[in-house]
Amino acid sequence: MTRTGSSRRSINLAALLTGLVAVSILCTVIIQLIASYQSEKHALMTTTLALNASNAEKVNGTIGSQFVAMRASLKTTAYFAAHNLTLPDDKLQAQLELIRNTSRYFNSLSWVDESGVVRNIAPISIGIKGKVITEGLTKIALDSRAPYLSVPYIAPSGRLTVLFSEPVYLPGGIYRGLIAGTIYMRENNILYEILGENKVDSTGSYFFVVDPNGKLIYHPDKSRIGEDVSANPVVAKIRSGIISGQQMVTNTKGIRMLAAYVKVPESGWGVIQQTPVSAVYEQLYRNIRHQLLNMLIPFAVLLLLVIAVARRLARPFVGLADLVKQFSQGEHVALPKAQPHWNREADLLTKTVLFALETLERNNSELKHEASTDSLTGLLNRRSLTRILEEWMGVERSFAVLIMDIDHFKSVNDTYGHPAGDEVLKHIARLLRGTADMDTVCCRYGGEEFLLLLPAVQIKEAIVFAEHLRRKIVKSKTPIGIRVTVSIGIAVFPEHADTAERLIDIADKALYRAKQEGRNRSAAGSTSRLDTHGI
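So for the sequence shown, UniProt numbering puts the first residue at 1; every next one is plus one.
Below you can see the structure in the form of structure tokens.
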């Protein structure tokens, strides 16, 4: 039958406590990091969207303010033209140049009369003064007889251009043409200075501006200006009429962005401020790493403290476990004194286990003593004798065996009773212990028979000792007031035999010869003869 679990490895209490606490702390840290990750992720994305919305509103406000100023500048110029129609051309030209150079709103400024003739243009170097406008956006603006703002378009000069116009009306409401201002989107002007220097910051954030059709007007990557990005979700929302908003989007380049958008009411343009989602995650990971590093030292200190407390807490239990293990393996255990412990359960368990082990040790000692000795005489019994014979013969130790029998012991029991016979047996046992030295083994062999093992004794010495013992017994008076005699058989190892059975058999035959020859004598065994000694 196999023992299930006999090969299973067990964990000591200190390691178990340390592991449980360490796992608990680690789980707490992981839960805290996960919660912190989710919380910081939400906070960073919300904050980023809010900042982008704020920046988009600022850009929107700036563009709106510039458009209002540009429109006011055109209205002032139109008013001047309406009230100074009779001025010479050179003075009107000078006035246009002055307005263009001082405001820096427009790259060109022109007056086109109601018939489409370019009356004046600044700068004059453009070279279209006196020409008639018959088509294009200027013609559309002229025919509209109202303020006009075009979408960005490619002018004949190849420039990306936006056209502003303001009608010229005389005080009586007579239409006399328009004042037109053009903005070159990629050249120096106030609007370009505000928007054209837009850069990508360290987080990857930037803004761009689209026209009502979803084409790029301003972008950090100037090569993209004029590109159609109407497929961008936030651009689509601006085109659909939504004034402002914020959301996570994937742009036309497949990059996930946190975008905020605002529609410029004065022009229908859209301003989009956006930050790559990857930048938010990079900041988030930096924060988590920083938090983890800050937690590392306290965690290590706490873990060391837990290990120390766990070891101190487990020490009495570990000591008791080792003690019980030694005891269960049959080892002789020196039981320690019960020391008081700060842990109540450990204190009670230590006292209880030590008391139980003391009781078991005492009971075991008593059981061993009872198992190895004769209960009446206190001498070793036959079981102990067998063990000692095996040990001595195993190491080839020479010794003599004396088997002693009380003569006529049956008549003592019959005459005085068995209790009196027991007293005689105990009296003989006391004489044996008093006569033998410390190395001599004294056993009750059975009934009224006793056996002695004399180590390192030759046959002559054994005979002398046997005779001395026999005379001592004869001279002594038993507790019941009578004297008894004994017969003794002697054999020597290894001279007479090389096995315990054969050796005892030779000594027993010598005892039998002593009794046959009259009792109260000793006889030595021999492989060939028996030597008898007595009175």
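Glycine is no exception: its CB is placed at the ideal position from the N, C-alpha and C atoms.
Bear in mind the structure is a predicted one, so any value in this text is a computation, not a measurement.
What does a CB cutoff of less than 6 angstroms around Leu137 pick up in its chain, not counting 5 residues either side in sequence?
-> Ser150 and Leu163
Give me the Cα-Cα distance between Val59 and His42, rounded to the nearest whole angstrom.
-> 26 angstroms
The region 98 to 111 contacting the region 139 to 156, beta-carbon criterion three pairs below 8 angstroms | no
Cβ-based neighbour list, Asn381, same chain, cut-off 7 angstroms, excluding 5 preceding and 5 following = Ser372, Thr373, Asp374, Cys443 and Arg444
Distance, Cα to Cα, Ala94 vs Ala69?
-> 21 angstroms
Whole angstroms is fine: what's the gap from Arg71's alpha carbon to Leu191's?
-> 13 angstroms
For the UniProt domain "GGDEF" (397 to 527), which segments carrying the alpha helix (DSSP H) assignment without a break, of at least 4 residues, lie completely within its bounds, in sequence order?
-> 409 to 416, 418 to 435, 459 to 475 and 500 to 516
Which first and last residues belong to the alpha helix (DSSP H) in which Met70 is found?
-> Leu13 to Ala82
In terms of alpha-carbon separation, which member of Leu303, Gln291 and Lys351 lies closest to Pro316?
-> Lys351
Same chain, Cβ closer than 8 angstroms to Ala22, neighbours up to 5 away in sequence not counted = Leu303 and Val306
Terminal residues of the continuous beta strand (DSSP E) containing Met185?
-> First-last for Met185: undefined, no H or E at that position.
Give every residue of the same chain whose Cβ lies closer than 8 angstroms to the Cβ of Leu284, excluding the five residues on either side of it in the sequence, and list them in chain order.
-> Tyr37, Glu40, Lys41 and Leu44
Answer yes if the region 223 to 237 comes into contact with the region 14 to 29, meaning at least three C-beta pairs across the two stretches below 8 angstroms, and no otherwise.
-> no
Looking at C-beta atoms only, is the number of pairs between the region 286 to 298 and the region 263 to 271 that lie closer than 8 angstroms three or more?
-> no
Taking C-alpha atoms, which residue in Glu495, Ala356 and Pro298 lies nearest to Met393?
-> Glu495
Work out the CA separation of Val318 and Lys325 for me, nearest whole Å.
-> 10 angstroms
Return the residue from the list Asp405, Pro220, Lys410 and Glu467 that minimises the CA-CA distance to Lys515.
-> Asp405
If you follow the alpha helix (DSSP H) that Asn101 is part of, which residue opens it and which one closes it?
-> Asp89 to Ser103
Can you say whether Tyr261 is buried or exposed, counting buried as having 16 or more other CB atoms within 10 angstroms of its CB?
-> buried
Please check the pair Ala400 and Val457, which I expect to be a contact at CB under 8 angstroms, by giving their CB distance rounded to whole angstroms.
-> 4 angstroms
Nonlocal neighbours in the same chain, by C-beta distance under 6 angstroms from Ser6, ignoring five residues either side | The pLDDT assigned to Ser6 is 47, lower than 50, so where the model puts this residue is not dependable; a value taken from the coordinates is nonetheless given after this. Contacts found: none.
Tell me, to the nearest whole angstrom, how far the beta carbon of Phe207 is from that of Ala56; I am working on the premise that it is less than 8 angstroms.
-> 6 angstroms
Since Ala78 and Arg100 are thought to touch, with beta carbons under 8 angstroms apart, how far apart are those beta carbons, to the nearest angstrom?
-> Incorrect: roughly 14 angstroms between the Cβ atoms, too far for contact.
Among Ile297, Ala310, Ile243 and Gln274, which has the Cα closest to the Cα of Met257?
-> Gln274
To which residues does DSSP link Tyr261 through a beta bridge?
-> Gly245 and Ile272
Helix, strand or coil at Val253 according to DSSP, with G and I counted as helix = First, the residue type needs correcting, since residue 253 is Lys and not Val in the sequence shown. Here Lys253 sits in coil by DSSP.
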